[in-house]
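Under full-length UniProt numbering, the first residue of the sequence shown is numbered 1, with each subsequent residue one higher.
For each residue, glycine too, the CB sits at the ideal point set by N, CA and C.
One structure below.
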Amino acid sequence: MTAPPQYWLNALLTGIEHAQLWLLRVWHALGLTADSHGQPAWPWAHRIVGETLLIDLGLARQLLWCAAAIVIALLALLLAIAWKRRRLPVLAVGALALALAPWPAASLVLGPAVPTSFHASPTHFSLDAIARGERLYAAHCVACHGADGRGEGPLAATLSRWPPTIVSPLLGRRLDGEMFWHVLDGMRDARGAITMPAFAGELGDDDAWAVLDYMRVLSARTGAAVFGSWPVPLRLPGLDVQCGGDPPQPLAAWRGTQRVRVVLTDGRPESLPLEDPRFQTLVVTRDARPLRDVPQFRAACTAVSPAAWQVFAQIAGLDDAALARASGTTLLADRQGWLRARGAPGGDAELLCKVGDVPANARQDLTALVLAMDAEPVRFVKGGFVH
Numbered sequence: 001m002t003a004p005p006q007y008w009l010n011a012l013l014t015g016i017e018h019a020q021l022w023l024l025r026v027w028h029a030l031g032l033t034a035d036s037h038g039q040p041a042w043p044w045a046h047r048i049v050g051e052t053l054l055i056d057l058g059l060a061r062q063l064l065w066c067a068a069a070i071v072i073a074l075l076a077l078l079l080a081i082a083w084k085r086r087r088l089p090v091l092a093v094g095a096l097a098l099a100l101a102p103w104p105a106a107s108l109v110l111g112p113a114v115p116t117s118f119h120a121s122p123t124h125f126s127l128d129a130i131a132r133g134e135r136l137y138a139a140h141c142v143a144c145h146g147a148d149g150r151g152e153g154p155l156a157a158t159l160s161r162w163p164p165t166i167v168s169p170l171l172g173r174r175l176d177g178e179m180f181w182h183v184l185d186g187m188r189d190a191r192g193a194i195t196m197p198a199f200a201g202e203l204g205d206d207d208a209w210a211v212l213d214y215m216r217v218l219s220a221r222t223g224a225a226v227f228g229s230w231p232v233p234l235r236l237p238g239l240d241v242q243c244g245g246d247p248p249q250p251l252a253a254w255r256g257t258q259r260v261r262v263v264l265t266d267g268r269p270e271s272l273p274l275e276d277p278r279f280q281t282l283v284v285t286r287d288a289r290p291l292r293d294v295p296q297f298r299a300a301c302t303a304v305s306p307a308a309w310q311v312f313a314q315i316a317g318l319d320d321a322a323l324a325r326a327s328g329t330t331l332l333a334d335r336q337g338w339l340r341a342r343g344a345p346g347g348d349a350e351l352l353c354k355v356g357d358v359p360a361n362a363r364q365d366l367t368a369l370v371l372a373m374d375a376e377p378v379r380f381v382k383g384g385f386v387h
């Protein structure tokens, strides 16, 4: 779940992603590509696939040298324009850099793309979208993908190909825009046979994004329950928080400055967690009502969404039967909003998101865990690019 070990590869993947996004914005601003589903459409049938570069460092090095050659050539061109007396030698240096670059075969660095490849979800992984996605998943997806997301639903065997499990890093690292496209447009195999039906006639754009949000929660829930870890990193959902009598504010306002401790509680004053200076504590109750008469030194910030209890309990890996006993369950998030660890009622915290060389599901002293969270930030690779 962490970044590639080579920092230069991290920089290369980030640069490639930004370059493609910049190209898309320029193309759209010039009127050379239209909108698709409310966002600029990727106009080409291919994109640079960072997934390949992650597993083939030799190819990544080739592309890095080619990128350096392009930079040298551009600088030579600018210098030649400004320095007319040495124009030919300078241009020759730029041409030589391009000629000596180890250009890889296009088939190795380019992969299929769809118009929505670089679309971003407008839901911001909000609790309301997750709750809506859960209802839609139950109505349209569970028959094939299964209640646990492992692709073993009652109708899975009737398809030409069994559905993939969503409880997998491989599927979780696909670009959001491409997953969105497949939900609405369906999927076919190499012979044209339908492997997943299209839902464009049944789901709107907001519905498709909501289903993808819930699939992330379902992946985390099944992964935590079955394998003891989250298959892919998960951010804190988008929700509003109310602290005492203050007006509600977005939870995202804490990002970048505060570690967050999420504690599910029944809301009784004596059950509220004590404040911990290492975290900003978020209390989640079943009814999501503002806390009243909070004793001194106890947490007073609460989630105001009624969906918070169920979503956080699911992320912790609790099944439906355990939801009623979720009080005392704790989730820890780092300063960037990535969920990192889970604590059972009365138990120690355990890592569900790998931190450096520490294995997932490893129990640690809380102070050691906090230090590890700060020392090893999550660098999530999605679509071959680091987020």
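Would you call the CB atoms of residue i and residue j closer than 8 Å?
i	j	result
ASP207	LEU274	no
PRO115	TRP42	yes
VAL217	ILE130	yes
PRO164	LEU171	yes
TRP338	LEU264	no
PHE125	ARG255	no
HIS37	ASP205	yes
MET187	LEU212	no
VAL49	PRO233	no
GLN62	PRO102	yes
SER168	THR195	no
LEU282	GLY267	no
LEU203	HIS119	no
Looking only at its chain, what residues have a beta carbon closer than 7 Å to the beta carbon of residue i, apart from the 5 residues adjacent to it on each side?
i	result
ALA80	ARG87, VAL90 and LEU91
To the nearest angstrom, how far is it from the Cα of residue i to the Cα of residue j?
i	j	result
GLY94	ILE72	6 Å
ALA113	GLY245	49 Å
ASP185	VAL142	18 Å
ASP319	LEU127	18 Å
PRO258	PRO231	It should be pointed out that residue 258 corresponds to Gln in this sequence rather than to Pro. Each residue's Cα considered, the two are about 24 Å apart.
LEU98	ALA11	21 Å
SER271	GLY177	42 Å
ARG47	ALA322	44 Å
TYR7	LEU13	10 Å
ALA344	ARG325	11 Å
ALA368	LEU331	16 Å
SER219	VAL284	21 Å
LEU371	ALA106	43 Å
PRO359	ALA225	Residue placement at PRO359 is poorly supported in this model, since its pLDDT is 49, which falls under 50; the coordinates still yield a value, given next. PRO359 and ALA225: Cα-Cα distance of roughly 16 Å.
GLY223	LEU57	29 Å
ALA67	HIS18	14 Å
LEU155	ARG286	34 Å
HIS145	GLY228	21 Å
LEU108	ALA303	47 Å
MET1	GLU51	No answer about MET1 holds up, because its pLDDT of 46 lies below 50 and its placement is not dependable.
GLY31	ALA200	26 Å
ALA313	ARG289	18 Å
SER305	LEU239	7 Å
ARG342	LEU78	54 Å
VAL294	CYS243	11 Å
Under 7 Å: does the beta carbon of residue i sit that close to some heavy atom of the ligand MN?
i	result
PRO233	Although the ligand MN was asked about, the structure shown includes no ligands whatsoever.
Let me know the secondary structure DSSP gives residue i once reduced to three states.
i	result
SER219	helix
PRO197	coil
VAL142	helix
GLY238	strand
ASP213	helix
LEU274	strand
ALA362	Since pLDDT at ALA362 reaches only 48, below the 50 mark, its modelled position is unreliable, and no value is offered.
ALA208	helix
LEU12	helix
ARG340	strand
PRO164	coil
PRO102	coil
SER107	helix
Give me the DSSP bridge partner(s) of residue i.
i	result
HIS46	PRO112
VAL263	VAL283 and THR330
MET187	MET196
CYS301	CYS243
ARG335	Answer is none; ARG335 lacks a bridge partner.
SER36	GLN39
SER126	GLY238
PRO295	None; PRO295 has no bridge partner.
PRO250	ASP240
With a cut-off of 8 Å, does the C-beta of residue i fall near any C-beta of chain C?
i	result
LEU74	Of the protein chains in the structure, only one exists, and it is not chain C.
Excluding five sequence neighbours on each side, which residues of the same chain lie with their C-beta closer than 6 Å to the C-beta of residue i?
i	result
ARG278	VAL370
ILE166	GLY149, MET215 and SER219
ALA198	ASP185 and GLY186
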